[in-house]
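Numbering (our numbering), first residue to last: 9 to 239.
Backbone N, C-alpha and C fix where the C-beta goes; we use that ideal spot for every residue, glycine too.
I have placed the structure first, in the form of C-alpha coordinates, so that the comments after it can refer back to it.
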(Lines of atoms letter the chains of each structure in order from A and count residues from 1; the text may use other names and numbers.)
(Lines give C-alpha, C1' and ligand atoms only; values in the text may rest on other atoms or scores of the structure.)
Protein backbone atom coordinates (compact mmCIF):
# COMPACT_ATOMS: atom_id res chain seq x y z
CA UNK A 1 0.00 0.00 0.00
CA UNK A 2 0.95 3.62 -0.52
CA UNK A 3 1.04 6.06 2.39
CA UNK A 4 -1.52 8.87 2.34
CA UNK A 5 -1.22 12.03 4.41
CA UNK A 6 -4.37 13.67 5.77
CA UNK A 7 -4.48 17.30 6.86
CA UNK A 8 -7.16 17.03 9.52
CA UNK A 9 -8.62 18.62 12.61
CA UNK A 10 -10.61 20.98 10.37
CA UNK A 11 -12.77 19.82 12.07
CA UNK A 12 -11.86 16.73 14.08
CA UNK A 13 -15.39 15.34 13.64
CA UNK A 14 -15.07 15.19 9.86
CA UNK A 15 -11.48 13.91 10.09
CA UNK A 16 -12.74 10.98 12.16
CA UNK A 17 -15.26 10.29 9.41
CA UNK A 18 -12.50 10.30 6.77
CA UNK A 19 -10.42 7.89 8.85
CA UNK A 20 -13.38 5.54 9.21
CA UNK A 21 -14.38 5.66 5.53
CA UNK A 22 -10.86 5.13 4.18
CA UNK A 23 -10.15 2.21 6.48
CA UNK A 24 -13.49 0.54 5.79
CA UNK A 25 -12.88 0.81 2.04
CA UNK A 26 -9.43 -0.76 2.34
CA UNK A 27 -10.73 -3.50 4.62
CA UNK A 28 -13.54 -4.34 2.19
CA UNK A 29 -11.06 -4.57 -0.68
CA UNK A 30 -8.34 -6.57 1.05
CA UNK A 31 -10.24 -8.41 3.78
CA UNK A 32 -8.82 -9.82 6.97
CA UNK A 33 -7.23 -7.35 9.35
CA UNK A 34 -6.00 -4.95 6.68
CA UNK A 35 -6.23 -1.21 7.30
CA UNK A 36 -5.04 1.88 5.45
CA UNK A 37 -1.50 3.22 5.73
CA UNK A 38 -2.17 6.80 6.81
CA UNK A 39 -0.48 9.78 8.40
CA UNK A 40 -2.67 12.47 9.98
CA UNK A 41 -1.56 15.97 10.92
CA UNK A 42 -4.42 17.25 13.05
CA UNK A 43 -4.56 21.03 13.35
CA UNK A 44 -6.28 23.08 16.04
CA UNK A 45 -9.49 24.08 14.31
CA UNK A 46 -9.90 27.18 16.48
CA UNK A 47 -6.76 28.65 14.90
CA UNK A 48 -7.80 27.82 11.34
CA UNK A 49 -11.41 28.95 11.88
CA UNK A 50 -10.20 32.36 13.04
CA UNK A 51 -8.33 32.76 9.76
CA UNK A 52 -11.38 31.73 7.73
CA UNK A 53 -13.81 33.95 9.64
CA UNK A 54 -11.52 36.93 9.01
CA UNK A 55 -11.28 35.93 5.34
CA UNK A 56 -7.50 35.79 5.88
CA UNK A 57 -6.55 32.99 3.53
CA UNK A 58 -2.82 33.68 3.83
CA UNK A 59 -3.19 32.88 7.52
CA UNK A 60 -5.08 29.69 6.69
CA UNK A 61 -2.49 28.74 4.09
CA UNK A 62 0.26 29.09 6.68
CA UNK A 63 -1.31 26.44 8.89
CA UNK A 64 -1.96 24.15 5.95
CA UNK A 65 1.51 24.48 4.44
CA UNK A 66 3.09 23.59 7.77
CA UNK A 67 0.96 20.45 8.00
CA UNK A 68 1.71 19.47 4.40
CA UNK A 69 5.45 19.77 4.92
CA UNK A 70 5.31 17.67 8.09
CA UNK A 71 3.34 14.96 6.31
CA UNK A 72 5.73 14.86 3.38
CA UNK A 73 8.68 14.65 5.78
CA UNK A 74 6.91 11.76 7.52
CA UNK A 75 6.74 9.75 4.31
CA UNK A 76 3.34 10.62 2.83
CA UNK A 77 3.18 9.97 -0.91
CA UNK A 78 0.09 12.13 -1.49
CA UNK A 79 -2.00 14.57 0.53
CA UNK A 80 -5.68 15.12 1.22
CA UNK A 81 -7.29 18.11 2.92
CA UNK A 82 -10.19 16.89 5.07
CA UNK A 83 -12.34 19.96 4.40
CA UNK A 84 -13.92 21.74 1.44
CA UNK A 85 -13.28 25.43 2.06
CA UNK A 86 -9.54 25.07 2.66
CA UNK A 87 -9.05 23.76 -0.87
CA UNK A 88 -8.99 27.48 -1.65
CA UNK A 89 -5.31 27.45 -0.61
CA UNK A 90 -4.29 24.34 -2.58
CA UNK A 91 -2.00 26.39 -4.88
CA UNK A 92 0.04 27.58 -1.89
CA UNK A 93 0.17 24.09 -0.40
CA UNK A 94 1.13 22.43 -3.68
CA UNK A 95 3.93 24.94 -4.18
CA UNK A 96 5.41 23.91 -0.83
CA UNK A 97 5.58 20.13 -1.37
CA UNK A 98 6.66 17.67 -4.05
CA UNK A 99 3.80 15.19 -3.65
CA UNK A 100 0.33 15.38 -5.25
CA UNK A 101 -2.80 16.66 -3.57
CA UNK A 102 -6.00 14.69 -4.16
CA UNK A 103 -8.38 17.59 -4.82
CA UNK A 104 -11.94 17.32 -3.52
CA UNK A 105 -13.47 19.35 -6.37
CA UNK A 106 -11.76 17.22 -9.01
CA UNK A 107 -13.18 14.08 -7.42
CA UNK A 108 -16.70 15.48 -7.10
CA UNK A 109 -16.60 16.78 -10.67
CA UNK A 110 -15.40 13.45 -12.03
CA UNK A 111 -18.25 11.64 -10.28
CA UNK A 112 -20.87 14.07 -11.60
CA UNK A 113 -19.48 13.77 -15.12
CA UNK A 114 -19.41 9.97 -14.94
CA UNK A 115 -23.06 9.96 -13.88
CA UNK A 116 -23.97 12.47 -16.62
CA UNK A 117 -25.42 14.93 -14.11
CA UNK A 118 -25.86 18.35 -15.68
CA UNK A 119 -27.43 20.56 -13.00
CA UNK A 120 -26.78 20.60 -9.26
CA UNK A 121 -27.30 22.59 -6.09
CA UNK A 122 -24.10 23.26 -4.16
CA UNK A 123 -24.72 23.09 -0.40
CA UNK A 124 -22.15 24.01 2.22
CA UNK A 125 -20.85 26.79 4.43
CA UNK A 126 -20.69 30.33 3.10
CA UNK A 127 -16.96 29.91 2.38
CA UNK A 128 -17.96 27.30 -0.20
CA UNK A 129 -21.49 28.14 -1.35
CA UNK A 130 -20.69 31.80 -1.94
CA UNK A 131 -17.13 31.31 -3.19
CA UNK A 132 -16.73 32.12 -6.88
CA UNK A 133 -13.54 30.08 -7.30
CA UNK A 134 -15.04 26.91 -5.82
CA UNK A 135 -18.17 27.26 -7.91
CA UNK A 136 -16.28 27.92 -11.14
CA UNK A 137 -13.95 24.98 -10.61
CA UNK A 138 -16.88 22.64 -9.98
CA UNK A 139 -18.63 23.90 -13.13
CA UNK A 140 -15.48 23.29 -15.16
CA UNK A 141 -14.52 19.89 -13.75
CA UNK A 142 -18.05 18.51 -13.56
CA UNK A 143 -19.49 20.09 -16.68
CA UNK A 144 -22.52 21.18 -14.68
CA UNK A 145 -24.65 24.24 -14.10
CA UNK A 146 -25.22 25.37 -10.51
CA UNK A 147 -28.35 26.62 -8.80
CA UNK A 148 -27.77 30.22 -7.62
CA UNK A 149 -26.30 30.33 -4.13
CA UNK A 150 -28.76 31.00 -1.31
CA UNK A 151 -27.20 33.22 1.36
CA UNK A 152 -29.74 32.33 4.06
CA UNK A 153 -29.00 28.62 3.70
CA UNK A 154 -25.24 29.24 3.78
CA UNK A 155 -25.62 31.27 6.98
CA UNK A 156 -27.77 28.55 8.53
CA UNK A 157 -25.15 25.93 7.73
CA UNK A 158 -22.44 28.20 9.15
CA UNK A 159 -24.31 28.29 12.45
CA UNK A 160 -24.72 24.51 12.49
CA UNK A 161 -21.10 23.77 11.66
CA UNK A 162 -19.36 26.31 13.86
CA UNK A 163 -21.60 26.03 16.93
CA UNK A 164 -22.50 22.33 16.85
CA UNK A 165 -21.05 19.91 14.32
CA UNK A 166 -17.40 20.97 14.57
CA UNK A 167 -17.70 20.46 18.33
CA UNK A 168 -19.21 17.00 17.97
CA UNK A 169 -22.76 18.11 18.84
CA UNK A 170 -25.41 16.36 16.73
CA UNK A 171 -29.07 17.18 17.32
CA UNK A 172 -32.40 16.17 15.87
CA UNK A 173 -33.10 19.85 15.18
CA UNK A 174 -30.01 20.01 12.95
CA UNK A 175 -31.06 16.86 11.11
CA UNK A 176 -34.58 18.23 10.60
CA UNK A 177 -33.24 21.58 9.39
CA UNK A 178 -31.13 19.95 6.71
CA UNK A 179 -33.93 17.56 5.72
CA UNK A 180 -36.27 20.53 5.21
CA UNK A 181 -33.72 22.52 3.21
CA UNK A 182 -32.90 19.57 0.96
CA UNK A 183 -36.60 18.92 0.40
CA UNK A 184 -37.03 22.55 -0.67
CA UNK A 185 -34.07 22.29 -3.06
CA UNK A 186 -35.71 19.24 -4.63
CA UNK A 187 -38.50 21.55 -5.84
CA UNK A 188 -35.99 23.46 -7.97
CA UNK A 189 -34.90 22.56 -11.49
CA UNK A 190 -31.82 20.52 -10.51
CA UNK A 191 -30.85 16.87 -10.85
CA UNK A 192 -28.77 16.45 -7.70
CA UNK A 193 -27.25 18.06 -4.61
CA UNK A 194 -23.53 18.32 -3.89
CA UNK A 195 -23.04 18.20 -0.13
CA UNK A 196 -19.87 20.29 -0.03
CA UNK A 197 -19.29 20.44 3.70
CA UNK A 198 -17.51 17.53 5.36
CA UNK A 199 -19.41 18.02 8.65
CA UNK A 200 -22.86 17.78 7.03
CA UNK A 201 -22.16 14.11 6.40
CA UNK A 202 -22.84 13.68 10.14
CA UNK A 203 -26.49 14.77 9.93
CA UNK A 204 -27.60 14.04 6.36
CA UNK A 205 -28.62 10.54 5.29
CA UNK A 206 -27.57 10.57 1.65
CA UNK A 207 -29.90 7.67 0.88
CA UNK A 208 -33.04 9.23 2.33
CA UNK A 209 -33.66 12.27 0.15
CA UNK A 210 -35.76 13.06 -2.90
CA UNK A 211 -32.74 14.11 -4.98
CA UNK A 212 -29.49 12.16 -5.33
CA UNK A 213 -26.89 13.46 -2.87
CA UNK A 214 -23.23 13.63 -3.86
CA UNK A 215 -21.49 13.64 -0.50
CA UNK A 216 -18.06 15.28 -0.78
CA UNK A 217 -16.77 13.43 2.29
CA UNK A 218 -17.59 9.99 0.93
CA UNK A 219 -16.39 10.78 -2.60
CA UNK A 220 -13.12 12.29 -1.39
CA UNK A 221 -12.42 9.54 1.15
CA UNK A 222 -12.99 6.85 -1.47
CA UNK A 223 -10.50 8.60 -3.76
CA UNK A 224 -7.99 8.56 -0.94
CA UNK A 225 -8.56 4.86 -0.33
CA UNK A 226 -8.04 4.11 -4.02
CA UNK A 227 -4.72 5.95 -3.87
CA UNK A 228 -3.64 3.89 -0.86
CA UNK A 229 -4.48 0.73 -2.79
CA UNK A 230 -2.65 1.91 -5.91
CA UNK A 231 -5.81 2.10 -8.01
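Unbroken beta strand (DSSP E) runs of no fewer than 3 residues, entirely contained in the region 70–132, are found at 86–89, 127–131, following chain order.
A contact is defined here as three or more CB-CB pairs under 8 Å, and the region 74–91 meets this definition with respect to the region 42–52.
DSSP places residue 51 outside both helix and strand once states are collapsed to three, so it counts as coil. Excluding the 5 residues flanking it on each side, residue 107 has same chain C-beta neighbours closer than 7 Å at 80, 84, 85, 86, 87, in chain order.
One alpha carbon belongs to residue 237, the other to residue 34, and they sit about 7 Å apart. Taking the C-beta atoms as reference points, residue 229 is found no nearer than 7 Å to residue 14. Bounds of the beta strand (DSSP E) holding residue 16 are 12–16. Judged by beta-carbon spacing, residue 110 lies beyond the 7 Å limit of residue 16, meaning their Cβ atoms are not closer than that value.
Put simply, of 208, 67, 235, 218 the residue whose alpha carbon is nearest the alpha carbon of residue 23 is 208. Of 103, 160, 154, 182, the smallest CA-CA separation from residue 126 is found for 154. Distances from the CA of residue 38 to each of 9, 214, 56, 129 were compared; the closest alpha carbon is that of 9. One alpha carbon belongs to residue 204, the other to residue 142, and they sit about 10 Å apart. The beta carbon of residue 21 sits closer than 7 Å to those of 173, 174, 176, 207, 210, all from its chain and outside the five residues before and after it, given in chain order. By the criterion of a C-beta distance shorter than 7 Å, residue 77 is surrounded in its chain by 104, 105, once the five residues flanking it on both sides are discounted.
The count of Cβ pairs closer than 8 Å, one atom from the region 143–150 and one from the region 162–172, stays below three, leaving the stretches out of contact. Residue 182 sits away from residue 218, with the two beta carbons spaced by 7 Å or more. In the displayed model, residue 198 falls within coil according to three-state DSSP, outside both helix and strand. Residues 93, 162, 165, 166, 169, 205 of the same chain have their beta carbon placed closer than 7 Å to that of residue 133, with the five preceding and five following residues left out of the count. For residue 160, the enclosing alpha helix (DSSP H) covers residues 159–171. In the structure shown, residue 213 falls within a coil segment according to DSSP collapsed to helix, strand and coil. Collapsing the DSSP output to three states places residue 46 in a strand.
In the DSSP assignment, residue 139 falls outside any alpha helix (DSSP H) and carries neither an H nor an E.
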